[in-house]
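Student: Residue numbers (this note's numbering): 31 to 335. All residues carry an ideal CB built from backbone N, CA and C; glycine is no exception.
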Amino acid sequence: MNKKEIETKIKELKQKHNAVILAHNYQRPEVQDIADFLGDSLGLAMKAAETDAKAIVFCGVDFMAESAKILNPDKIVVHPDKKAQCPMAAMVDVESLGWFIEKNPQAEVVAYVNTTADVKAQTDICCTSSNAVKVVKSIKKKDIIFIPDTNLGLYVKRFIHDKNLILWPGICPTHHKITKDEILEIKKQHQDAETIVHPECRPEVIDIADQVFSTQGMINYVSKADSKEFIIGTERELCYRLKKENPDKTFYSLKSAICPNMKKITLEKVLKSMESLEPKIELSETIMQKARLPLQRMMDIGRGD
Ligand code: 13P
Ligand code: SF4
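(1) If you check the beta carbons only, do Ala-239 and Val-252 fall under 8 angstroms apart?
(2) Would you mind stating whether Ala-95 and His-109 have Cβ atoms separated by less than 8 angstroms?
(3) Considering only heavy atoms of the ligand 13P, does any lie closer than 7 angstroms to the CB of Ser-159?
(4) What would DSSP say about Tyr-56, mapped onto helix, strand or coil?
(5) Would you say the beta carbon of His-205 is closer than 7 angstroms to some non-hydrogen atom of the ligand SF4?
(6) So is Glu-230 buried or exposed if we call it buried at 16+ other beta carbons inside 10 Å?
(7) For the alpha helix (DSSP H) that Ser-303 lies in, which residues bound it at each end?
(8) Roughly how many whole angstroms lie between the Cα atoms of Gln-326 and Lys-279?
(9) Report the three-state DSSP secondary structure of Leu-325 (helix, strand or coil).
(10) I need the boundaries of the beta strand (DSSP E) containing Phe-176, first residue and last residue.
(11) On the DSSP bridge list, what partners appear for Tyr-142?
(12) In whole angstroms, what separates the C-alpha of Ile-36 from that of Thr-296?
(13) How far does the beta strand (DSSP E) with Val-108 in it reach, from first residue to last?
(14) Who are the near neighbours of Ile-40 in its chain, counting only those whose CB is closer than 7 angstroms to its CB and skipping five residues on each side?
(15) Taking C-beta to C-beta, are Asn-144 and Pro-178 nearer than 8 angstroms?
(16) Is DSSP giving Gln-246 helix, strand or coil here?
(17) Quick check: the stretch 281–298 against the stretch 101–117, are there 3 or more CB pairs under 8 angstroms?
(18) Under the rule that 16 or more other beta-carbon atoms within 10 Å means buried, what is Met-31, buried or exposed?
(19) Please report how far the alpha carbon of Lys-34 lies from the alpha carbon of Glu-234, in whole angstroms.
(20) Less than 8 angstroms between the beta carbons of Phe-93 and Val-107, yes or no?
(21) Find the nearest neighbour of Cys-156 within the set Phe-189, Val-139 and Asp-192, judged by alpha-carbon distance.
(22) Do the stretch 264–283 and the stretch 241–251 touch if we need at least three Cβ pairs shorter than 8 angstroms?
(23) Check the C-beta distance from Ala-79 over to Ala-49 and give it rounded, since I have them as a contact under 8 angstroms.
(24) Checking the sheet assignment: what are the DSSP bridge partners for Ile-226?
(25) Look up Lys-33 in the DSSP assignment and say whether it is helix, strand or coil.
(26) Give the DSSP bridge partners of Val-166, in chain order.
(27) What number of angstroms, rounded off, separates the C-alpha of Ser-286 from the C-alpha of Ser-314?
(28) Given a cut-off of 8 angstroms, decide if Ser-97 and Ala-83 are closer than it, judged by their beta-carbon atoms.
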């Protein structure tokens with residue numbers, strides 16, 4: 031089947047199953063093109079919570095598809111490749127978090143949404159890169175365990191001076207690889223370009239950025255900005271959507287900024303999963319019930335960018 035035929039088949043199956051396709055901004059271009067909604071982690075969770083569709087086909091990594099299921103326990107949530115997993119989310123598990131909580135029993139636990147459902151179930155509130163500062167500001171307690179992204183935690187600390195953030199030693203391999211020198215080199219060649227980076231980047235990268243946003247925050251900012259050129263410090267596929275929505279602007283991506291896990295979802299896998307509505311996300315009722323609370327608290331706070 032060629033690309034056009036696959037797309038036509040996907041459209042027919044969408045109708046047949048009353049399905050909606052949600053895709054993250056880092057998905058392959060051809061997957062972005064067939065999505066009903068594209069967004070960042072927060073936008074996708076909110077969209078999943080409000081959809082009337084019977085089935086959700088989730089093109090992203092594991093924790094995002096799990097969040098969609100937790101928010102829609104009665105709907106079918108299909109994840110076209112279960113091996114599409116976020117390595118940062120795998121850097122904290124229930125046992126290690128339990129040990130950390132025992133050591134800091136006075137602390138409230140904030141979980142970056144990049145965590146598995148069973149870990150979320152042990153936490154007080156979630157956040158995303160869009161609203162991490164807003165979420166931490168909303169907490170009354172002085173001590174806060176922040177899991178699992180150290181870089182995001184260090185970014186939040188820049189805005190919070192009356193609380194003690196206890197950080198978990200996790201990182202995103204894709205963002206942590208981005209170096210200050212790499213960005214400075216591009217800046218040298220394109221001196222009028224604005225630099226926008228994701229808060230999962232190292233502190234020294236954040237220091238030289240003009241703006242720091244979630245992926246959807248970047249999309250929103252660029253559409254309104256006066257600048258015509260941008261250096262984009264996040265997974266490079268975001269530039270596909272940026273260029274599509276802003277054809278008059280130029281984007282410089284970082285060669286090495288690729289999340290291989292996001293690329294595991296292909297158009298062929300989307301089609302296959304829509305034919306069988308498999309593989310489904312399956313989670314225990316107890317885990318979903320416990321994990322829904324921190325997710326809901328986060329969504330009640332809304333966007334921060
Ligand atoms: P966003 O929520 O900003 O899209 O980030 C998700 C993510 O996994 C970043 O690496
Ligand atoms: Fe996880 Fe990083 Fe990939 Fe985002 S870019 S899904 S944080 S590994």
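Tutor: On the basis of the data shown:
(1) By 1-based counting over the sequence shown, the position of residue 239 is 209. By 1-based counting over the sequence shown, the position of residue 252 is 222. No. Outside cutoff.
(2) Sequence index remark: in the sequence shown, residue 95 carries index 65 (1-based). Sequence index remark: in the sequence shown, residue 109 carries index 79 (1-based). Cβ distance < 8 angstroms, so Ala-95 and His-109 count as in contact.
(3) As a working mapping, residue 159 is identified with position 129 in the sequence shown. Yes - the ligand 13P has a heavy atom lying nearer than 7 angstroms to the Cβ of Ser-159.
(4) For the purposes of this step, residue 56 is taken as the residue at position 26 of the sequence shown. Three-state result, Tyr-56: coil.
(5) The residue you call residue 205 lines up with position 175 of the sequence shown. Yes, since a heavy atom of the ligand SF4 falls inside the 7 angstroms radius drawn around the Cβ of His-205.
(6) Residue 230 sits at position 200 when you count from the first residue of the sequence shown. By the neighbour-count rule (16 or more Cβ atoms within 10 Å), Glu-230 is buried.
(7) Indexing the sequence shown from 1 puts residue 303 at position 273. Start and end: 297–306.
(8) Mapped onto the sequence shown, residue 326 falls at position 296. Mapped onto the sequence shown, residue 279 falls at position 249. Spanning the two alpha carbons is a distance of roughly 36 angstroms.
(9) On the sequence shown, residue 325 is found 295 positions in, with the first residue counted as 1. Three-state result, Leu-325: helix.
(10) Here residue 176 is taken as the residue at index 146 of the sequence shown, counted from 1. Residues 173–177.
(11) Translated into the one-based positions of the sequence shown, residue 142 becomes position 112. For Tyr-142, which the question treats as bridged, DSSP gives the partners Cys-157.
(12) Translated into the one-based positions of the sequence shown, residue 36 becomes position 6. Translated into the one-based positions of the sequence shown, residue 296 becomes position 266. Looking at the two C-alpha atoms, the distance is approximately 11 angstroms.
(13) Numbered from its first residue, the sequence shown carries residue 108 at position 78. Run containing Val-108: 106–108, per the beta strand (DSSP E) assignment.
(14) Here residue 40 is taken as the residue at index 10 of the sequence shown, counted from 1. These residues qualify, in order along the chain: Ile-64, Val-300, Leu-301 and Met-304.
(15) By 1-based counting over the sequence shown, the position of residue 144 is 114. By 1-based counting over the sequence shown, the position of residue 178 is 148. Yes, Cβ-Cβ distance for Asn-144 and Pro-178 is below 8 angstroms.
(16) Against the sequence shown, residue 246 aligns to sequence position 216. Residue state, collapsed to three classes: helix.
(17) yes
(18) Within the sequence shown, the letter at position 1 stands for residue 31. By the 10 Å Cβ count, Met-31 comes out exposed.
(19) Counting from 1 along the sequence shown, the entry for residue 34 is found at position 4. Counting from 1 along the sequence shown, the entry for residue 234 is found at position 204. Straight-line Cα distance between these residues: approximately 44 angstroms.
(20) Position 63 of the sequence shown, counted from the start, is the residue given in the question as residue 93. Position 77 of the sequence shown, counted from the start, is the residue given in the question as residue 107. No, they are not a contact pair.
(21) Counted from its first residue, the sequence shown places residue 156 at position 126. Comparing Cα-Cα distances from Cys-156 to each of Phe-189, Val-139 and Asp-192, the minimum goes to Val-139.
(22) yes
(23) As a working mapping, residue 79 is identified with position 49 in the sequence shown. As a working mapping, residue 49 is identified with position 19 in the sequence shown. 16 angstroms between Cβ atoms; not a contact.
(24) To locate residue 226, count along the sequence shown from 1; it is residue 196. Ile-226 is bridged to Gln-241 and Ile-262.
(25) The residue given as residue 33 occupies position 3 in the sequence shown. Reduced to three states, the DSSP call for Lys-33 is helix.
(26) The residue given as residue 166 occupies position 136 in the sequence shown. In the DSSP output, where bridge partners are listed per residue, Val-166 has none listed.
(27) Here residue 286 refers to the residue found at position 256 of the sequence shown. Here residue 314 refers to the residue found at position 284 of the sequence shown. Roughly 38 angstroms between the two C-alpha positions.
(28) What you label residue 83 is simply residue 53 of the sequence shown in a count that begins at 1. What you label residue 97 is simply residue 67 of the sequence shown in a count that begins at 1. Against a cut-off of 8 angstroms, the Cβ pair of Ser-97 and Ala-83 comes out as no contact.
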